[in-house]
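Student: Residue 176 in the working numbering is what sits at position 44 of the sequence shown, and the numbering runs on without skipping anything. The C-beta atom is built at its ideal place from N, Cα and C for all residues, glycine as well.
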Amino acid sequence: IGSPSMNVVEGTLRKVGGTSWVEALGRKWPTSIEGAGTDGMAVHYGVRPSDIVPAAQGEGIEATVIVVEPTGAETELLLDVGGQQMIAVIHGRTAAQAGDAIRLQISPASAHLFASSDGRRL
133 IGSPSMNVVE
143 GTLRKVGGTS
153 WVEALGRKWP
163 TSIEGAGTDG
173 MAVHYGVRPS
183 DIVPAAQGEG
193 IEATVIVVEP
203 TGAETELLLD
213 VGGQQMIAVI
223 HGRTAAQAGD
233 AIRLQISPAS
243 AHLFASSDGR
253 RL
């Protein structure tokens with residue numbers, strides 16, 4: 133549901149000392165999950181394109197820009213993240229161009245986690 137569609141990556145839920153994240157595509161993806169799921173569980177990590185924002189240098193998740201598409205008040209970015217294509221929709225314009233390495237930030241509360249085994253939301 134929605135356009136563009138939610139980005140989904142397959143990964144492994146990690147929970148250590150009250151902190152949780154998903155390991156996927158050679159990166160650590162933030163999540164705010166608390167009680168559900170167990171450390172080492174296979175999950176699908178979903179994030180809507182509009183919930184991905186540019187991050188400060190050295191922070192967030194690294195990606196390579198494939199295509200920059202201005203669409204009025206927003207700009208769609210087609211990205212390569214660890215070999216998987218993803219879409220980000222950012223407000224306004226960006227100086228990023230095809231081939232640029234950029235950093236992305238995802239609010240942990242924006243992440244959607246689903247059990248790989250049965251698709252249930254965590």
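(1) Could you tell me the alpha carbon to alpha carbon distance between Val179 and Val199, rounded to whole angstroms?
(2) Using the rule of at least 16 other Cβ atoms within 10 Å of the residue's Cβ for burial, across every protein chain shown, is Gly204 buried or exposed?
(3) Looking at Ala187 and Gln237, is the spacing between their C-beta atoms short of 8 Å?
(4) Thinking just about the alpha-carbon of each residue, which of Thr170, Glu191 and Ser242 is nearest to the one in Ser249?
(5) May I have the straight-line CA-CA distance separating Leu210 from Val154, to the nearest angstrom?
(6) Determine whether the beta carbon atoms of Ile222 and Glu206 lie at a separation below 8 Å.
(7) Check whether the Cβ atoms of Gly214 and Arg159 sit closer than 8 Å, and answer yes or no.
Tutor: In this structure, then:
(1) Here residue 179 corresponds to residue number 47 of the sequence shown, with the count starting at 1. Here residue 199 corresponds to residue number 67 of the sequence shown, with the count starting at 1. Straight-line Cα distance between these residues: approximately 19 Å.
(2) Here residue 204 is taken as the residue at index 72 of the sequence shown, counted from 1. When all chains shown are included, Gly204 counts as exposed.
(3) By one-based count along the sequence shown, residue 237 stands at place 105. By one-based count along the sequence shown, residue 187 stands at place 55. Yes.
(4) Indexing the sequence shown from 1 puts residue 249 at position 117. Looking at the Cα atoms, Thr170 is the closest of the given residues.
(5) Locating residue 210 in the sequence shown gives position 78, counting from the first residue. Locating residue 154 in the sequence shown gives position 22, counting from the first residue. When rounded, the distance between both Cα atoms is 22 Å.
(6) Against the sequence shown, residue 222 aligns to sequence position 90. Against the sequence shown, residue 206 aligns to sequence position 74. Contact: yes.
(7) As a working note, residue 214 is residue 82 in the sequence shown. As a working note, residue 159 is residue 27 in the sequence shown. Contact: yes.
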